[in-house]
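Visitor: Numbering-wise (the numbering used here), the sequence shown opens with residue 32 and increments by one.
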Amino acid sequence: MLKRLAVRGVVATVAVTGIAVPTAPRPAQAVDPATFIQIAQYAYAAYNLYNESRSGGLTLELAVGMMINEVRRSEQAIKNHMDALTVAEVRGCAEHAMLEFVESPEFSLSLKQRFAQDATACVTAINARYDAVAGNYNYAALRDLAVLMVTLGPVALAARAQARLQTAQLEQYLIPVFNKMLSTFQVSCHMYFDRFYLPIPDEENVWQVYPELYIPGFFVCGEHHDGAMAQRHEYALWYWGAFKAFPDPANPGRMLDYYPHFQLLRDEVAQRSLNGLLTAAVAELQS
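#1: Could you give the first and the last residue of the continuous beta strand (DSSP E) run that contains tyrosine 270?
#2: Assuming contact is defined by CB atoms lying nearer than 7 Å, are cysteine 153 and alanine 125 in contact in what I supplied?
#3: Would you grab the beta carbon distance between alanine 261 and leucine 213 for me? Rounded to a whole angstrom, and I think it's under 8 Å.
#4: Run through DSSP, which three-state label would tyrosine 161 get?
#5: For threonine 310, which three-state DSSP category applies?
#6: Just to confirm before moving on: does the CB-CB distance between valine 102 and valine 121 stay below 7 Å?
#7: Can you find the residues in the same chain that come closer than 6 Å, C-beta to C-beta, to isoleucine 99, ignoring five residues on each side of it along the sequence?
#8: May I ask you to report which of helix, strand or coil DSSP gives serine 318?
#9: In the DSSP assignment, what residue or residues form a beta bridge with valine 218?
#10: Alanine 46: buried (16+ other C-beta within 10 angstroms of its C-beta) or exposed?
#11: Is the beta carbon of glutamate 146 sitting closer than 7 Å to the one on alanine 199?
#12: Taking the straight line between their C-alpha atoms, what separation do you get for arginine 195 and leucine 91?
#13: So what's proline 280 in DSSP terms, helix, strand or just coil?
#14: Can you give me the C-alpha to C-alpha distance between leucine 36 and glutamate 299, rounded to a whole angstrom?
#15: Should the region 242-253 be regarded as contacting the region 262-280, the criterion being three or more beta carbon pairs within less than 8 Å?
#16: Identify the residues that DSSP records as bridge partners of glycine 248: which are they?
#17: To the nearest angstrom, how far is it from the Cα of alanine 187 to the Cα of aspartate 175?
#18: Can you grab the Cα-Cα spacing for the pair phenylalanine 293 / tyrosine 75, in whole Å?
#19: Helix, strand or coil: which one does DSSP assign to alanine 194?
#20: Do alanine 301 and methionine 286 come within 7 Å of each other at the CB atom, strictly closer than that value?
#21: Between the Cα of proline 280 and the Cα atoms of Ala267, Ser84, Ala314 and Gly184, which residue gives the shortest distance?
#22: Going by the CB atoms, is the gap between phenylalanine 216 and leucine 305 shorter than 7 Å?
#23: Please name the residue in Leu201, Phe227, Gly88 and Gly272 whose C-alpha comes closest to that of proline 185.
Here it is as structure tokens:
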């Protein structure tokens, strides 16, 4: 219980999509990284709170109230994210669901049921649109739709619980949908040495004379299709342009035949990327 209540201090905002439905499509714009981090914080907390309500750690009323508080604190992030959305077809139903959610505790049971059904229909519409866009390889639109889905998912689940409708079927619907999206938005890592560090254009001559030369290398992880990125710039042993060894942080003088920090870099990217949102949502729904 205390763990779940502490989530409120971590969450900054929710990424809901939609303040207004544009009359014509708009080109994609870059999303401010700080806004996306706020989206991630909401999503981590929202699925966590829903999961806690179904396991009995929180009452449904308290969990919904905490989610609503985060929605009400998210107005600026909502506007920021809307400026970057490229898919208008399902923006209206997502906007409607998020706006209605903050008032839903006051609805009559019949109105709660109607709202829950509308939110569920929006979830399925987003998934259908995702499948259609996937055929065109429009990754900007796919990312927008995935963020819509991961944001609206806990709202639809909470709405169904408030309406006394079953939630298990929607949970089982969301898990493969999120896994499908994860298959596209994977985090990958690579490394390369700093060619500009060498004072001459032909670096192979340097290795002929100094085969044990340490050259700074870039170690990079990023989400597929231009997602969030993290990198480190550290000295390593490169030989004839290929990574050879890295100094062992725990044993001075010993060399490792791999770079030991890739998992840290990958985790950093995942925590502030769509991949991390989807992974966390699946974990909560399966727990």
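Backbone N, C-alpha and C fix where the C-beta goes; we use that ideal spot for every residue, glycine too.
Guide: Answer, in terms of the structure:
#1: If you number the sequence shown from 1, residue 270 lands on position 239. Boundaries of the beta strand (DSSP E) harbouring tyrosine 270: 260-270, taken from the DSSP string.
#2: The sequence position of residue 153 within the sequence shown is 122, counting from 1. The sequence position of residue 125 within the sequence shown is 94, counting from 1. Cysteine 153 places its beta carbon less than 7 Å from that of alanine 125.
#3: As a working mapping, residue 261 is identified with position 230 in the sequence shown. As a working mapping, residue 213 is identified with position 182 in the sequence shown. Not really, about 19 Å apart at Cβ, beyond 8 Å.
#4: Translated into the one-based positions of the sequence shown, residue 161 becomes position 130. Looking at tyrosine 161 - three-state DSSP - the assignment turns out to be helix.
#5: Position 279 of the sequence shown holds residue 310. In the structure shown, threonine 310 sits in a helix (DSSP, three-state: H, G or I).
#6: By 1-based counting over the sequence shown, the position of residue 102 is 71. By 1-based counting over the sequence shown, the position of residue 121 is 90. No, Cβ-Cβ distance for valine 102 and valine 121 is not below 7 Å.
#7: Locating residue 99 in the sequence shown gives position 68, counting from the first residue. Around isoleucine 99: Val133.
#8: Residue numbering aside, residue 318 sits at position 287 when the sequence shown is read from its first letter. Collapsing the DSSP output to three states places serine 318 in coil.
#9: As a first step, residue 218 is located in the sequence shown; it is residue number 187 there, counting from the start. Secondary-structure assignment with DSSP links valine 218 through a beta bridge to Glu254.
#10: Against the sequence shown, residue 46 aligns to sequence position 15. The pLDDT assigned to alanine 46 is 33, lower than 50, so where the model puts this residue is not dependable; a value taken from the coordinates is nonetheless given after this. Label assigned to alanine 46: buried.
#11: Locating residue 146 in the sequence shown gives position 115, where the first residue counts as 1. Locating residue 199 in the sequence shown gives position 168, where the first residue counts as 1. Per the sequence shown, the amino acid found at residue 146 is phenylalanine instead of glutamate. Cβ distance not < 7 Å, so phenylalanine 146 and alanine 199 don't count as in contact.
#12: Along the sequence shown, read from residue 1 onward, the residue named residue 195 stands at position 164. Along the sequence shown, read from residue 1 onward, the residue named residue 91 stands at position 60. In this structure, the straight-line span from the alpha carbon of arginine 195 to that of leucine 91 is close to 11 Å.
#13: Looking up residue 280 in the sequence shown gives position 249. Proline 280 falls in the coil class under three-state DSSP.
#14: Your numbering for residue 36 matches position 5 in the sequence shown. Your numbering for residue 299 matches position 268 in the sequence shown. Legend: pLDDT at leucine 36 = 38, less than 50; position of this residue unreliable, value from coordinates given subsequently. Their backbone Cα atoms lie some 24 Å apart in a straight line.
#15: Cβ pair count under 8 Å is three or more, so yes.
#16: Here residue 248 refers to the residue found at position 217 of the sequence shown. Note: glycine 248 sits in a beta bridge opposite Phe224 and Glu265.
#17: Position 156 of the sequence shown, counting from 1, holds the residue named residue 187. Position 144 of the sequence shown, counting from 1, holds the residue named residue 175. About 18 Å.
#18: Here residue 293 refers to the residue found at position 262 of the sequence shown. Here residue 75 refers to the residue found at position 44 of the sequence shown. The straight-line gap from Cα to Cα measures roughly 23 Å.
#19: Taking the sequence shown and counting its residues from 1, one reaches residue 194 at position 163. Reduced to three states, the DSSP call for alanine 194 is coil.
#20: Counting from one through the sequence shown, the residue named residue 286 turns up at place 255. Counting from one through the sequence shown, the residue named residue 301 turns up at place 270. With respect to alanine 301, methionine 286 sits apart: the two C-beta atoms are not nearer than 7 Å.
#21: Position 249 of the sequence shown holds residue 280. Nearest C-alpha to proline 280: Ala267.
#22: By one-based count along the sequence shown, residue 305 stands at place 274. By one-based count along the sequence shown, residue 216 stands at place 185. Taking 7 Å as the Cβ cut-off, leucine 305 and phenylalanine 216 qualify as a contacting pair.
#23: Position 154 of the sequence shown, counting from 1, holds the residue named residue 185. The alpha carbon of proline 185 has as its nearest neighbour, out of Leu201, Phe227, Gly88 and Gly272, the alpha carbon of Leu201.
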